[in-house]
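Novice: After the structure tokens below, expect a handful of questions from me.
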Amino acid sequence: MESLPRVTGSPSTGVFASTLEPLPRTRGQRGGAWAGPSVGTSAKGAHECWTESLRMDFKIEHTWDEFPVKHEPVFVRVNPGDGGVMMEISAPFFNDPPAPLGEPGKPFNELWDYEVVEAFFLNDITEQYLEVELCPHGQHLVLLLSGRRNVWKQELDLSFKVSRGETKWEGKAYLPWCYFPPNVTKFNSFAIHGSKDKRNYEALYPVPQHELQQGQKPDFHRLEYFKPFSFNTLLGEEWKQPESELWL
Numbered sequence: 001m002e003s004l005p006r007v008t009g010s011p012s013t014g015v016f017a018s019t020l021e022p023l024p025r026t027r028g029q030r031g032g033a034w035a036g037p038s039v040g041t042s043a044k045g046a047h048e049c050w051t052e053s054l055r056m057d058f059k060i061e062h063t064w065d066e067f068p069v070k071h072e073p074v075f076v077r078v079n080p081g082d083g084g085v086m087m088e089i090s091a092p093f094f095n096d097p098p099a100p101l102g103e104p105g106k107p108f109n110e111l112w113d114y115e116v117v118e119a120f121f122l123n124d125i126t127e128q129y130l131e132v133e134l135c136p137h138g139q140h141l142v143l144l145l146s147g148r149r150n151v152w153k154q155e156l157d158l159s160f161k162v163s164r165g166e167t168k169w170e171g172k173a174y175l176p177w178c179y180f181p182p183n184v185t186k187f188n189s190f191a192i193h194g195s196k197d198k199r200n201y202e203a204l205y206p207v208p209q210h211e212l213q214q215g216q217k218p219d220f221h222r223l224e225y226f227k228p229f230s231f232n233t234l235l236g237e238e239w240k241q242p243e244s245e246l247w248l
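Going by UniProt numbering, the sequence shown opens with residue 1, and the numbers climb by one from there.
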């Protein structure tokens, strides 16, 4: 099991003291694995509505066009519970580009132009999806989309805490069920860092190299490359996702 070092900070630096549980290296389908219940774990933290033993762990090992990344992979943990989903990040910290000018802990529009880790939760029948972007400097961006790239709600509030060291960062965001579209069926996750010609785009589920077109650019809204995903895998076949007034 791999764990990042404990780091602390203060709101004045935009870093909030928070040490996450280690993210284990897991094996299974490319980039992801399902982690079932484990002994001796319990819910804790500000939102006591999830069980830490019920989680899905993923690691981003490829660029958007299916080449191996040249650094330690970004880890993403999705931890669902009764009230919502805890999303945890464990990632290298590149500090490139520099921090956004927005206040840490607040939404920041066009956060995708900075260093960021993203997660997309999709209903592939309706093409409704939730996009979550988390920045190591503490800013975040939550978008609701109905149809490919069609944003209809943005800059939603989010409980998000960051721990940051010189070379690594960890983030922990609480996503209420009302943010998720009905019947999430597919998922993908991405990471971006670097500036100008050194900009790097990475994907949990990349575009296969044999399908690349000449001159093709990275596009995280290629929904056809998302992979099957179901919260029922952890919460049971009888579990039903709570209805959301946001999506009515």
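Beta carbons: idealized from backbone N, C-alpha and C, even for Gly.
Closer than 7 Å to a non-hydrogen atom of the ligand COA - does that hold for the CB of Lys198?
Specialist: The ligand COA is not part of this structure, which contains no ligands at all.
Novice: Distance, Cα to Cα, Gly215 vs Val207?
Specialist: Looking at the two C-alpha atoms, the distance is approximately 14 Å.
Novice: According to DSSP, what are the bridge partners of Gly171?
Specialist: Ile89, Val162, per the DSSP bridge assignment.
Novice: Comparing alpha-carbon positions, which option in Tyr114, Pro97, Leu141, Asn200 lies nearest Tyr174?
Specialist: Ranking the options by Cα distance to Tyr174, first place goes to Leu141.
Novice: For Glu61, collect the residues of the same chain with a Cβ closer than 7 Å to its Cβ; drop the 5 residues on either side in sequence, then sort them by chain order.
Specialist: Within the same chain, Glu61 has close Cβ partners Gly31, Pro68, Val69, Pro73.
Novice: Cα separation between Asp57 and Phe75?
Specialist: For Asp57 and Phe75, the distance between alpha carbons rounds to 7 Å.
Novice: Name the DSSP bridge partner or partners of His193?
Specialist: DSSP lists Asn200 as partners of His193.
Novice: Is it true that the stretch 115-134 meets the stretch 82-101, where meeting means three or more beta-carbon pairs spaced less than 8 Å apart?
Specialist: Result yes; three or more Cβ-Cβ pairs closer than 8 Å.
Novice: Using a Cβ-Cβ cutoff of less than 6 Å, which residues in the same chain neighbour Ser244 once the five nearest sequence positions on both sides are dropped?
Specialist: Result list for Ser244: Cys178, in chain order.
Novice: Provide the residue span of the alpha helix (DSSP H) that contains Leu234, from first to last.
Specialist: Counting along the chain, the alpha helix (DSSP H) containing Leu234 begins and ends at 232-235.
Novice: Within the continuous beta strand (DSSP E) that includes Ala99, where are the two ends?
Specialist: No beta strand (DSSP E) holds Ala99; DSSP gives it neither H nor E.
Novice: Between Asp65, Leu54, Gly194, Lys161, which lies nearest to Lys217 when the distance is taken from Cα to Cα?
Specialist: Closest option to Lys217, Cα to Cα, is Asp65.
Novice: Ignore the nearest five residues each way along the sequence and tell me which others in Phe120's own chain have a CB closer than 6 Å to its CB.
Specialist: Tyr129, Glu131, Asn188, listed in sequence order.
Novice: Going by alpha carbons, who is nearest to Lys196 out of Pro97, Thr63, Val78, Phe93?
Specialist: Comparing Cα-Cα distances from Lys196 to each of Pro97, Thr63, Val78, Phe93, the minimum goes to Pro97.
Novice: Quick one: is Gln139 buried, meaning 16 or more other Cβ sit within 10 Å of its Cβ, or exposed?
Specialist: Counting Cβ neighbours within 10 Å, Gln139 comes out buried, since at least 16 surround it.
Novice: What did DSSP end up calling Leu223 once you bin it into helix, strand or coil?
Specialist: Of the three classes helix, strand and coil, the one that applies to Leu223 here is helix, per DSSP.
Novice: Would you identify the three-state DSSP class for Leu212, choosing helix, strand or coil?
Specialist: Three-state DSSP puts Leu212 in coil, outside helix and strand.
Novice: Please report how far the alpha carbon of Leu156 lies from the alpha carbon of Val78, in whole angstroms.
Specialist: Going from the Cα of Leu156 to the Cα of Val78 covers about 19 Å.
Novice: What residue from Lys168, Phe94, Tyr114 has the CA that sits closest to Gly102's CA?
Specialist: Ranking Lys168, Phe94, Tyr114 by Cα distance to Gly102 puts Tyr114 first.
Novice: Do Ser230 and Thr167 have their C-beta atoms within less than 8 Å of each other?
Specialist: Going by C-beta atoms, Ser230 is not nearer than 8 Å to Thr167.
Novice: For Gly171, which of Glu237, Leu234, Val116 has the nearest alpha-carbon?
Specialist: Of the candidates Glu237, Leu234, Val116, the one whose C-alpha sits nearest the C-alpha of Gly171 is Val116.
Novice: At the level of alpha carbons, what is the spacing between Val151 and Glu127?
Specialist: Between Val151 and Glu127, the C-alpha separation is close to 12 Å.
Novice: Grab the span of the beta strand (DSSP E) containing Gln128 for me, first residue to last.
Specialist: Gln128 -> beta strand (DSSP E) spans 128-134.
Novice: Does the distance from the C-beta atom of residue 333 to that of Phe190 stay below 8 Å?
Specialist: Since the first residue shown for the chain is 1 and the last is 248, residue 333 is missing from the structure and cannot be characterised.
Novice: Mind checking Ile192: buried by the 16 CB within 10 Å criterion, or exposed?
Specialist: When all chains shown are included, Ile192 counts as buried.
Novice: Helix, strand or coil, according to DSSP, for Leu248 in the structure here?
Specialist: Three-state DSSP puts Leu248 in coil, outside helix and strand.
Novice: When the Cα atoms are used, what is the spatial distance from Asn122 to Pro181?
Specialist: Going by the sequence as given, residue 122 is Leu instead of Asn. Approximately 7 Å between the Cα atoms of the pair.
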